[in-house]
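J.: Sequential numbering of the sequence shown, starting at -18, is according to the numbering used here. Mind having a look at this structure? Questions to follow.
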Amino acid sequence: MRVSTEWLSDYISLEGVAPQDLAERITRAGIEIDIVENRNQGVTKVVVGYVISKEKHPDADKLNICKVDAGLGEELQIVCGAKNVDAGQKVPVALVGAKLPGGLEIKKAKLRGALSQGMICSAKELGLNDKLLPKELQEGILVLPAELEVGTPIEQVLGLNDHVLELDLTPNRSDALSMIGAAYEVSAILSRDITLPAPEADLKESGSAAADHISVQVDAPELCTHYSARYISGVSIKPSPLWMQNRLMAAGIRPINNIVDITNYVMLEYGQPLHAFDADQLSGGSIVVRRATEGETMITLDDQERKLKDTMLLITDGAKPVAIAGVMGGQNSEVTSDTANILLESAKFDGTTVRKTSRELGLRSESSLRFEKNVDPGSVIPALNRAASLISAYAGGNVHPGIVESTAGSNEERVIALSVTKVNNYLGTSLSAEEIHAIFDRLHFTYETAQENELLVTVPTRRGDITRDVDLIEEVARLYGYDHIPTTVIEGPTTAGSLTKPQLIRRALRGLLSNAGYQEMISYSFVNPERSTLFSALTAGSQSVKLAMPMSEELSVLRTSALPQMLEAAQYNRNRKQESLALFEIGSVFYTEEETLTKQPKEIPVLSLLLSGNRIEKQWNITAEKVDFFDLKGAVESIFAYLGLEGQISYAANQPKDYHPGRSASIYLKISGEEQVLVGTLGQVHPELQLAYDLGDTYIAELSLEALYDEALPPLVYRELPRFPAVSRDIAVVVEQSVEAGVLMSSIRESAGELLQSVQVFDIYTGEKVGEGKKSIALALTYRHKDHTLTEEEITAVHTKVLTDLSDKTGAELRK
């Protein structure tokens, strides 16, 4: 919001307060001022001049010699090259010695032999943004209104003795999106009286009743709680007064004509958007407010055909749409130079509907900006009357008696109870009731004393951001001055901050994998629908979740696995000659059991890994070594060991979806009750999928962290070093080819119990010596007791039990 200090001074005295000081005080009170702009960019000795005559320069086809009266008592001769200069015009004249923006100084000069005693200026040469001028004044010199007095300083004429404060408003302070709202704020900050317009007193009505000419009907009262209109006849369309144009340009709005300018002026003044319809273009003078029908179209003021949705609100005349409510008017009811009769609209539209409509149509305006943040319902009628009185004064309009309106619901002021004790407890102050009363007086909030040290504060409708007592406490704090609030010691019980167990585990895993040479990647949670079913072993049988408003069709569903995105990252790197990759990602995957989503989808955290390329790069004395399945399995096993779960994990040769049929496995976790739960998959990517992604041998794994959180030991828990020696025993057993080493290891762990510290496979042999269809598996067992040194009898007993159970459960025989 751009606030002109010259305009602001209409409502409140700014005497003795410099613009920079005012900006500082407003910022300290909670509304940041981004820029303080001086509208005078360095203009001096420029006055209003009158062009007495214009003649062609004898030696230059594009130059004119003008005689100009600049109020100096003598005619000036000025050479001007502008095409639009002509006799009888009032123009800005830079006198000899004048300075213009950019450091330009005007001196006497001869142009092609003709003396020039000054310069006739364009808007741009005066430092004005010519894009904000009426179109007919954007090129050539600036032509001024004929009623201006010759010799008047141009700073006074164009409102250059002004500063503009640019307010960086937070969404809750929509009240300051108006000059009156800004005036209330400055009044409270400076503790000065405020004088507001009195539109009802200024308004003069005459003629037949407005209801005889126009009618209003609202068919969607939930989206338009108040629609009011006035009928104004006999208007004359012409430029608005220069003072009004200056204020609009200071606010960043281009003047159009008196009717449009007045609606914009009042919008800036009250924060209430208005719209003027050519009443003769409305069928029967009717206004019907309704929802659009799906696919309905209309041409808006920007000459674009808009396709509408049934969620949008339309203003119609019963036969055709004439405006998109709160966003933009229609071309078919536009005010033109032929307009004689006006229907003036002031309404309260639903902010959410306007915001969605504005976004979907790609139309954002000063009006939609205000409606989105919910305009003050108390300003609907005052703004309507203010605009009607200005149209009567500056467009010669006849305002017909009465307002034609439709209302739904009430707009009562909110009453909030506030305790003086609570104010001081929250702020750490010792403010008296009288001091708090004084602050509410400055804010123009009325109040009454309910009981000792308690107020009932009535909040004006313009302050829709204040809904609770804590909001009132914030108002007290900012006007009392944040820098005046003393520093106090924190009181009351405190709770030491800490990480939850899942947070600790995720943080520890990041450190573990990063230290092992893996790089973390972070990807979107939404993916291409065609790839949403890849690697869905952990969410098998479920449905992917479609996004209601996707960024694009390629990113329109929530992922059920992070692995497709890891393959895309590998493909991206491989295309750039980066083939050796070790990646991990900790994120979430999503799924639902429903065909049509009716409840919150399920979300589970996962850890995904990817390995490709070389384990060791080629050097002068060594050859390159490619990563394989066991590199990835080793990383997974180190994770489980770090979490203290190595004894509860088992692997089963398997072919999960999209994995290599002979180089993949499922991972199971044994939890309470001896239940085996699937917690992950690992293996090589299926050859066909590798080819589709143009990858070499690539190995991936995905673990469900949700299943690990409860069973895992807290990371970074230090364990006491063993005090007693371990005993090692190696065995080699012969089993059928179909028996997996993991089955043997599970049997050993179960049989040995707590005495077994570790078991590892160190050799596998197949050949004639063990027989056809057989294989020999050699395992190293380590026994240890935490409280004493194991005796030979204890070791023999447990080892014998291990061998017996192996034979009974798996048919294993000791190799001889």
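Glycine included, C-beta positions come from ideal geometry on N, C-alpha and C.
Among Ala232, Met532, Ile758 and Arg644, whose alpha-carbon lies nearest the alpha-carbon of Arg20?
T.: As a position in the sequence shown, residue 20 is number 39, starting the count at 1. Of Ala232, Met532, Ile758 and Arg644, the residue nearest in Cα terms is Ala232.
J.: Determine, using beta carbons only, whether Val570 and Glu584 come nearer to each other than 9 Å.
T.: Against the sequence shown, residue 570 aligns to sequence position 589. Against the sequence shown, residue 584 aligns to sequence position 603. Yes. Within cutoff.
J.: Report yes if the C-beta distance between Ala182 and Gly383 is below 9 Å; otherwise report no.
T.: As a position in the sequence shown, residue 182 is number 201, starting the count at 1. As a position in the sequence shown, residue 383 is number 402, starting the count at 1. Taking 9 Å as the Cβ cut-off, Ala182 and Gly383 do not qualify as a contacting pair.
J.: Would the beta-carbon of Val74 fall within 9 Å of that of Ile46?
T.: Position 93 of the sequence shown, counted from the start, is the residue given in the question as residue 74. Position 65 of the sequence shown, counted from the start, is the residue given in the question as residue 46. It is not a contact, given that the beta carbons lie outside the stated cut-off.
J.: So, does the stretch 353 to 371 touch the stretch 143 to 161, judging by three or more C-beta pairs under 8 Å?
T.: With the cut-off at 8 Å, the stretch 353 to 371 and the stretch 143 to 161 touch.
J.: Hey, Leu590 and Ala693: beta-carbon distance below 9 Å or not?
T.: As a working mapping, residue 590 is identified with position 609 in the sequence shown. As a working mapping, residue 693 is identified with position 712 in the sequence shown. In this structure, Ala693 does not lie closer than 9 Å to Leu590 by Cβ.
J.: Measure how close the beta-carbons of Val32 and Gln70 come, nearest whole angstrom, since I'm counting them as under 8 Å.
T.: For this step, residue 32 is matched to residue 51 along the sequence shown. For this step, residue 70 is matched to residue 89 along the sequence shown. Sure, about 5 Å apart at Cβ, within 8 Å.
J.: Whole angstroms is fine: what's the gap from Val658's alpha carbon to Glu687's?
T.: Taking the first residue of the sequence shown as 1, we reach residue 658 at position 677. Taking the first residue of the sequence shown as 1, we reach residue 687 at position 706. Approximately 11 Å between the Cα atoms of the pair.
J.: Following the continuous beta strand (DSSP E) through Phe258, name the residue where it begins and the one where it ends.
T.: As a first step, residue 258 must be located in the sequence shown, where it is residue number 277. Leu255 to Asp259 is the span of the beta strand (DSSP E), which, as asked, contains Phe258.
J.: Helix, strand or coil, according to DSSP, for Asp446 in the structure here?
T.: Your numbering for residue 446 matches position 465 in the sequence shown. Three-state result, Asp446: coil.
J.: Output the boundary residues of the beta strand (DSSP E) element that contains Tyr764.
T.: Your numbering for residue 764 matches position 783 in the sequence shown. Lys755 to Tyr764 is the span of the beta strand (DSSP E), which, as asked, contains Tyr764.
J.: Looking at the secondary structure, which residues open and close the beta strand (DSSP E) in which Arg(-17) lies?
T.: Counting from one through the sequence shown, the residue named residue -17 turns up at place 2. Its beta strand (DSSP E) spans residues Arg(-17) to Ser(-15).
J.: By Cβ distance, which residues of its chain are closer than 8 Å to Leu787, with the 5 residues on each side in sequence left out?
T.: Looking up residue 787 in the sequence shown gives position 806. Excluding positions up to five away in sequence, the list reads Val714, Leu725, Ser728, Ile729, Ser732 and Ala793.
J.: Looking at the unbroken beta strand (DSSP E) that takes in Pro642, where does it start and where does it end?
T.: By one-based count along the sequence shown, residue 642 stands at place 661. It spans Tyr640 to Ile652 - the beta strand (DSSP E) in which Pro642 sits, taken as one unbroken run.
J.: Considering only the alpha carbon of each residue, which of Gln98, Leu125, Val24 and Leu96 lies closest to Asn65?
T.: For the purposes of this step, residue 65 is taken as the residue at position 84 of the sequence shown. With distances taken between Cα atoms, Asn65 lies closest to Leu125.
J.: What number of angstroms, rounded off, separates the C-alpha of Val241 from the C-alpha of Lys185?
T.: The residue labelled residue 241 in the question sits at position 260 within the sequence shown. The residue labelled residue 185 in the question sits at position 204 within the sequence shown. Cα to Cα, the separation comes out at about 20 Å.
J.: With a cut-off of 8 Å on the beta carbons, I'd call Val270 and Ile296 a contact; round off their distance for me.
T.: As a first step, residue 270 is located in the sequence shown; it is residue number 289 there, counting from the start. As a first step, residue 296 is located in the sequence shown; it is residue number 315 there, counting from the start. Confirmed, about 6 Å.
J.: Using the three-state DSSP reduction, which class does Gly265 fall into: helix, strand or coil?
T.: Looking up residue 265 in the sequence shown gives position 284. Gly265: helix per DSSP, three-state reduction.
J.: Under 9 Å, Cβ to Cβ, is there at least one residue of chain C near Gly359?
T.: Among the chains in the structure shown there is no chain C, since it carries only a single protein chain.
J.: Less than 7 Å between C-beta atoms, sequence neighbours within five positions excluded: which residues of the same chain meet that for Ser517?
T.: As a first step, residue 517 must be located in the sequence shown, where it is residue number 536. Same-chain partners within the cutoff: Thr541, Ser542 and Lys638.
J.: Quick check on the DSSP output: the beta strand (DSSP E) that includes Phe743 runs from which residue to which?
T.: The residue labelled residue 743 in the question sits at position 762 within the sequence shown. Note, Phe743: beta strand (DSSP E), Leu737 to Tyr746.
J.: Beta-carbon within less than 8 Å of Asn554's beta-carbon, same chain only, minus the 5 sequence neighbours each way: which residues are those?
T.: Working through the sequence shown from its first residue, we reach residue 554 at position 573. These residues qualify, in order along the chain: Glu560 and Leu562.
J.: Answer yes if the stretch 304 to 318 comes into contact with the stretch 326 to 342, meaning at least three C-beta pairs across the two stretches below 8 Å, and no otherwise.
T.: Touching, per the Cβ criterion.
J.: Let me know the secondary structure DSSP gives Gln500 once reduced to three states.
T.: Mapped onto the sequence shown, residue 500 falls at position 519. Gln500: strand per DSSP, three-state reduction.
J.: Take the Cβ of Glu456 as the centre, count every other Cβ of all protein chains shown within 10 Å, and call the residue buried at 16 or more, exposed below.
T.: Translated into positions along the sequence shown, residue 456 becomes position 475. So Glu456 ends up on the buried side.
J.: Report the rounded CA-to-CA distance for Leu437 versus Ser348, giving the unit in angstroms.
T.: Position 456 of the sequence shown, counted from the first residue, corresponds to residue 437. Position 367 of the sequence shown, counted from the first residue, corresponds to residue 348. The alpha-carbon atoms of Leu437 and Ser348 are separated by roughly 34 Å.
J.: Determine, using beta carbons only, whether Pro178 and Arg367 come nearer to each other than 9 Å.
T.: Here the question's residue 178 lines up with position 197 in the sequence shown. Here the question's residue 367 lines up with position 386 in the sequence shown. Taking 9 Å as the Cβ cut-off, Pro178 and Arg367 qualify as a contacting pair.
J.: In terms of alpha-carbon separation, which member of Gly83, Ser155, Asp(-9) and Leu255 lies closest to Thr25?
T.: By 1-based counting over the sequence shown, the position of residue 25 is 44. Answer by Cα proximity: Gly83.
J.: Is Ala95 near Val60, with beta carbons less than 9 Å apart?
T.: Position 114 of the sequence shown, counting from 1, holds the residue named residue 95. Position 79 of the sequence shown, counting from 1, holds the residue named residue 60. The answer is yes: Cβ separation under 9 Å.
J.: Can you look up Glu566 in the DSSP assignment and give me helix, strand or coil?
T.: Counting from 1 along the sequence shown, the entry for residue 566 is found at position 585. In this structure, Glu566 counts as strand in the three-state DSSP scheme.
J.: Give me the residue from Ser172, Gln285 and Ala761 with the minimum Cα distance to Arg6.
T.: By 1-based counting over the sequence shown, the position of residue 6 is 25. Checked all of Ser172, Gln285 and Ala761; the closest Cα to Arg6 is Ser172.
J.: Drop a sphere of 10 angstroms on the beta-carbon of Phe611, count the other beta-carbons inside from all chains shown, and report buried for 16 or more, exposed for fewer.
T.: Counted from its first residue, the sequence shown places residue 611 at position 630. It is exposed - the Cβ of Phe611 has fewer than 16 other Cβ atoms within 10 Å.
J.: For Tyr690, which residues does DSSP report across the bridge?
T.: Reading the sequence shown from its first residue, position 709 is the one you call residue 690. Tyr690 is not bridged to any residue.
J.: Please report the Cβ distance between Gln253 and Ser327, rounded to the nearest whole angstrom; I am assuming they are in contact, meaning their Cβ atoms lie under 8 Å.
T.: Indexing the sequence shown from 1 puts residue 253 at position 272. Indexing the sequence shown from 1 puts residue 327 at position 346. Right, the Cβ-Cβ distance comes to about 6 Å (below 8 Å), so this counts as a contact.
J.: Hey, Ile804 and Asn322: beta-carbon distance below 9 Å or not?
T.: Outside the displayed range of the chain (-18 to 797) lies residue 804, so it cannot be described from this structure.
J.: Return the residue from the list Ser504, Ile417, Gln226 and Ser373 that minimises the CA-CA distance to Tyr461.
T.: Position 480 of the sequence shown, counted from the start, is the residue given in the question as residue 461. If we check each option's Cα against that of Tyr461, Ile417 comes out closest.
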